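**Q** Below is the structure I would like to discuss, written out as structure tokens.
There are 2 protein chains.
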Amino acid sequence: MIKTVTASMIIIGDEILSGRTKDKNLTHLSLWLNRMGVQLKEVRVIPDVGKMIVDAVNDLRGRYDYVFTTGGIGPTHDDITAENVAKAFDVPFVQSAESLALLQKHYDAQNGKGKISDARLRMTMIPEGARLIKNPVSIAPGFQMENVFVLAGIPVVMQAMLLDIETRIEGGHKMLSKAIHVYEGESHFAEILAEVEQAFPGVTLGSYPFFRHKEFGASFVLRSQIEGDIDLALDMLKQKIILMGKESFDGEAEI
Amino acid sequence: MIKTVTASMIIIGDEILSGRTKDKNLTHLSLWLNRMGVQLKEVRVIPDVGKMIVDAVNDLRGRYDYVFTTGGIGPTHDDITAENVAKAFDVPFVQSAESLALLQKHYDAQNGKGKISDARLRMTMIPEGARLIKNPVSIAPGFQMENVFVLAGIPVVMQAMLLDIETRIEGGHKMLSKAIHVYEGESHFAEILAEVEQAFPGVTLGSYPFFRHKEFGASFVLRSQIEGDIDLALDMLKQKIILMGKESFDGEAEI
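Chains as they are written, first to last, in the numbering used here: chain A, 157 to 411; chain B, 157 to 411.
Written as structure tokens, this is what we have:
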């Protein structure tokens with residue numbers, strides 16, 4: 157019995173949509189989830205607009221096992237993720253005693269250098285019932301509200317937060333993948349790709365064309381939760397390519 | 157009277173969600189749209205699953221002035237974007253005589269080298285009523301169906317297709333932006349940022365923290381469709397930073 161566990165991601169921030177900042181969190185989260193046995197199935201990039209955060213959280217948390225948000229949990233006026241996650245769950249937005257204690261400890265350790273500002277205090281607010289996610293980089297924690305994990309947007313902080321939640325994720329069977337590539341247009345192989353995919357219902361076969369030095373090529377990627385099936389499907393595909401009088405190469409092309 | 161024109165984007169492809177391929181089209185499209193006077197407001201990344209394509213197209217085409225899809229219009233079995241855009245519009249999926257003629261011309265020019273395969277023919281199918289989008293790189297066109305533009309996923313092809321639709325986009329007032337940065341945590345500036353944003357309702361002020369060499373800093377980005385407002389808001393922000401006894405630097409930090 158194959159167990160499939162799914163996730164979605166909400167990237168929150170005007171700066172990604174305006175093209176100013178390139179998102180680096182999607183790829184990191186996806187690869188991390190795959191190691192945990194979880195498949196990322198949908199991503200939304202939305203602006204710092206309250207209603208859009210509420211709608212996205214509520215739409216996705218019912219459809220996927222886990223939801224991860226990145227961005228919008230800092231101390232400034234445009235950081236509105238936490239309060240809107242509280243709204244999505246229809247719970248009060250309250251100060252976390254645990255988060256406040258962490259902040260107090262941090263300032264105490266600095267021997268009175270700096271003081272806890274209102275902006276800093278704002279970052280101790282979480283939806284009632286949420287559980288903190290440690291932030292070893294810059295103190296201010298993320299939080300988990302049921303199956304929704306609210307993470308920072310700065311990649312180094314977001315990545316550090318993932319370390320704290322590894323034990324909170326219950327994964328299923330990992331998605332495994334193997335690839336080969338060819339240096340001809342993918343259209344030549346369309347028929348045999350469809351045949352191989354039909355022969356192995358548990359395997360998805362993606363064809364990813366590339367274009368380089370004015371030449372077309374394609375990587376054929378087989379993905380499945382059943383390792384044996386991938387190997388059998390790959391053998392079948394390689395045989396069919398040979399029978400066509402064409403050549404394939406192991407692994408993806410470096411493009 | 158400020159005219160705001162909006163767009164959304166649907167990135168279609170398992171390979172982005174699996175973390176195997178890093179998307180390069182979001183940033184390019186966003187910057188291109190901004191030059192056209194259109195603001196990218198929402199992005200979805202979804203797998204090659206028919207129902208998800210139909211749902212995303214129908215959800216977004218009513219809410220934004222333009223929708224752009226990338227990916228899934230090639231010749232192989234996993235290229236299912238075009239047929240599902242037809243489903244979304246509830247129109248027949250038909251062969252385009254114009255697209256077939258382009259393909260025929262391409263093969264004729266090769267003097268019989270290669271022939272038109274079923275896979276290639278598949279790429280001449282479009283929703284009834286759609287208008288082609290030229291592909292100078294690899295012949296197979298994209299298409300426009302009402303306010304939905306269906307583009308290739310390969311960045312060089314996608315970018316070439318945008319050249320063909322420049323005249324089909326009616327933009328509004330451009331979103332302009334200016335930025336300054338500081339080398340202290342953004343929380344120190346939270347109060348004055350909120351004050352400046354409140355003083356200029358037509359300006360959004362984003363604070364984008366960065367973390368580098370174990371130091372925190374932040375870029376403050378002012379965006380507005382009214383140039384004069386940005387300049388006034390920026391002056392006010394700079395003055396407030398000086399009054400705090402702190403220093404700001406023009407432009408974004410290089411991070």
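All C-beta atoms in this analysis are idealised placements derived from N, C-alpha and C, irrespective of residue type, glycine included.
As the structure is a prediction and not an experimental result, all values here were calculated from the model.
#1: Do the region 307-316 of chain A and the region 180-190 of chain A meet, that is, are 3 or more Cβ pairs less than 8 Å apart?
#2: Does the region 244-262 of chain B come into contact with the region 373-393 of chain A, if we say contact requires no fewer than three beta-carbon pairs (one atom in each stretch) closer than 8 Å?
#3: Could you tell me the distance, in whole angstroms, from the CA atom of residue 288 of chain B to the CA atom of residue 302 of chain B?
#4: Can you list the residues of chain A that residue 221 of chain B reaches, using a CB-CB cut of under 8 Å?
#5: Helix, strand or coil: how does DSSP classify residue 324 of chain B here?
#6: Please tell me whether residue 197 of chain A and residue 174 of chain A are closer than 7 Å, where the distance is taken between their beta carbons.
#7: By DSSP, does residue 191 of chain A sit in helix, in strand, or in coil?
#8: Does the pairing of the region 340-354 of chain A with the region 315-323 of chain A give three or more beta-carbon distances under 8 Å?
#9: Over what stretch of residues does the alpha helix (DSSP H) that includes residue 255 of chain B continue unbroken?
#10: For residue 263 of chain A, would you say it is in contact with chain B, using Cβ-to-Cβ distances shorter than 7 Å as the test?
#11: To the nearest angstrom, how far is the alpha carbon of residue 367 of chain B from that of residue 293 of chain A?
#12: Report yes if the CB atom of residue 375 of chain B is closer than 7 Å to the CB atom of residue 344 of chain B, and no otherwise.
#13: Closest to residue 185 of chain B by C-alpha separation, out of B:264, B:232, B:322 and B:400, would be which residue?
#14: Does the structure place the region 233-251 of chain A close enough to the region 234-246 of chain B that three or more beta carbon pairs sit under 8 Å?
#15: Output, in chain order, the set of chain A residues within a Cβ distance shorter than 7 Å of residue 349 of chain B.
#16: Using only alpha-carbon positions, find the residue among B:371, B:334 and B:364 that is nearest to residue 394 of chain B.
#17: Name the two residues that bound the continuous alpha helix (DSSP H) containing residue 172 of chain B.
#18: Hey, which unbroken runs of the alpha helix (DSSP H) at 4 residues or more fall wholly within the region 299-385 of chain B?
#19: Which one of B:162, B:158 and B:218 has the shortest CA to CA distance from residue 245 of chain B?
#20: Just the C-alpha distance for residue 286 of chain B and residue 257 of chain B, rounded to the nearest angstrom, thanks.
#21: Could you work out which residues of chain B lie near residue 178 of chain A, taking near to mean beta carbons separated by less than 7 Å?
#22: Would you mind telling me which residues of chain A sit closer than 8 Å to residue 360 of chain B, beta carbon to beta carbon, in chain order?
#23: Please report the residue range of the beta strand (DSSP E) in which residue 282 of chain B lies.
#24: With respect to the beta strand (DSSP E) encompassing residue 236 of chain A, which residues constitute its N-terminal and C-terminal limits?
#25: Could you check what DSSP says for residue 183 of chain B in three-state terms: helix, strand or coil?
#26: Which residues of the region 375-400 of chain B have a Cβ closer than 8 Å to any Cβ of chain A? Give them in chain order.
#27: On a Cα-Cα basis, can you pick out the residue from B:341, B:360, B:300 and B:354 that is closest to residue 282 of chain B?
#28: Could you run through the region 284-307 of chain A and flag, in chain order, every residue whose CB is less than 8 Å away from some CB of chain B?
**A** Per the coordinate set shown:
#1: They touch, by the three-pair rule.
#2: Judged by Cβ distances under 8 Å, the region 244-262 of chain B makes no contact with the region 373-393 of chain A, as fewer than three pairs qualify.
#3: 12 Å
#4: Here the premise fails: no neighbours, minimum Cβ distance about 15 Å.
#5: Three-state DSSP puts residue 324 of chain B in a helix.
#6: no
#7: In the three-state DSSP reduction, residue 191 of chain A falls in the helix class (H, G or I).
#8: no
#9: 253-265
#10: Not one chain B Cβ lies under 7 Å of residue 263 of chain A.
#11: 9 Å
#12: Not closer than 7 Å, so no.
#13: B:322
#14: Because the criterion of three Cβ pairs below 8 Å is not met, the region 234-246 of chain B and the region 233-251 of chain A do not touch.
#15: 232 and 233
#16: B:334
#17: 170-173
#18: 311-321 and 346-355, all fully within the region 299-385 of chain B.
#19: B:218
#20: 16 Å
#21: 183
#22: Per Cβ cutoff of 8 Å: 170 and 234.
#23: 281-283
#24: Neither: residue 236 of chain A is in no beta strand (DSSP E) and is coded neither H nor E.
#25: helix
#26: 377 and 379
#27: Nearest C-alpha to residue 282 of chain B: B:300.
#28: 293 and 294
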